[in-house]
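These protein sequence lines are chains P and F, in that order.
Under the working numbering, the residue at position 30 of the first sequence is numbered 36, and the numbers go up by one with no gaps.
Under the working numbering, the residue at position 51 of the second sequence is numbered 57, and the numbers go up by one with no gaps.
Even for Gly, the Cβ is constructed at its ideal location relative to N, Cα and C.
2 protein chains.
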Amino acid sequence: MKKNEFNKKLGMCICRIRLKKGLTQVDVSALLGNNPQNISRIERGLISPTLFWIFNFAKCLEIHPDEIFKELDE
Amino acid sequence: MKKNEFNKKLGMCICRIRLKKGLTQVDVSALLGNNPQNISRIERGLISPTLFWIFNFAKCLEIHPDEIFKELDE
DNA sequence: TAAAATATAACCGTATAAGGTTATACAAAA
DNA sequence: TTTTGTATAACCTTATACGGTTATATTTTA
Chain P
7 MKKNEFNKKL GMCICRIRLK KGLTQVDVSA LLGNNPQNIS RIERGLISPT LFWIFNFAKC
67 LEIHPDEIFK ELDE
Chain F
7 MKKNEFNKKL GMCICRIRLK KGLTQVDVSA LLGNNPQNIS RIERGLISPT LFWIFNFAKC
67 LEIHPDEIFK ELDE
C-alpha cells in the first residue's frame, strides 16, 4: 500500500472515531494540546502522524489503539 | 507518558522483535528500503517513527502490528 | 593476528510533521 | 439576514524524521 493511500485510510479511521465520540476537531485539538488545522490535515490524509500522536489520541478519547489499527490492515 | 519514554519503550519493542526474527539492523533496513542508521535511531528511542513506517516494518517481518503495541500501553 | 560483521555516533543535507495566523466556505441557528 | 460553529485552505516558521556519508567501537570469524 502506498503512503498516500495509507494516510487517507488512517485519516478516515481517525475521523470516524472522533465523530462516534461526538467531538469536533476543535474538541480533539484541545484534548491533545495542538491545533485543529493539524487534525484536519490528519483526517484528510495529508500528513501521517507519529505513533506517539496516535497513542495520545487513543488515550484522550478513551479507546484502545487497536480500534484505529484493526481497520487498516487488509 | 512523556515522548522520550514512549520512544525508548517503542525502540526496545522493535529491537526485541527484530532479534526474535534473527535479523540484523542491516537486514531490516534492506527489507524496508531505508538505511541501518535509521533503524539504530529508532531502536534507541532517538526518533519516533510514523505509523506508516510501523506498518511496513510489521509487514516485512510478517508479524501483526498488535505485537508491537500490546507491550506499550501500561 | 587480521578481517569482516554489527551497532553507534556525528555530521550535513532534504522531506515532512506540526504550530500559528488568517482567510474562506458552508451549514445551522438566532 | 446576521451570527455562530465547523471544517478547509494558504501561508510561514520551527521541529523532527530520514537519507547519505564517514568514523568509531566492539564482537565474531577466518
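Can you round the beta-carbon distance between residue i and residue j to whole angstroms, since I take them to be within the 8 Å contact cut?
i	j	result
residue 68 of chain P	residue 19 of chain P	Actually they are not in contact, since the Cβ atoms of residue 68 of chain P and residue 19 of chain P sit about 16 Å apart, beyond 8 Å.
residue 24 of chain F	residue 34 of chain F	6 Å
Which word fits residue i, buried or exposed, when buried means at least 16 other C-beta atoms lie within 10 angstroms of its C-beta?
i	result
residue 53 of chain P	exposed
residue 86 of chain F	The structure shown does not extend to residue 86 of chain F, since chain F is modelled only from 7 through 80, so no value can be given for it.
residue 39 of chain P	exposed
residue 28 of chain F	exposed
residue 41 of chain F	exposed
residue 10 of chain F	exposed
When DSSP labels each residue in this structure, what does residue i get in the three-state scheme?
i	result
residue 73 of chain F	helix
residue 14 of chain F	helix
residue 38 of chain P	helix
residue 26 of chain P	helix
residue 127 of chain P	Any answer about residue 127 of chain P is impossible in this case: the structure gives chain P only from 7 up to 80.
Please confirm if the stretch 9 to 18 of chain P is in contact with the stretch 56 to 74 of chain F, defined as three or more CB-CB distances below 8 Å between the two stretches.
Segments in contact, yes.
Alpha helix (DSSP H) segments (min. 4 residues) lying fully within the stretch 40 to 69 of chain P
Qualifying alpha helix (DSSP H) stretches, in chain order: 42 to 49, 57 to 66.
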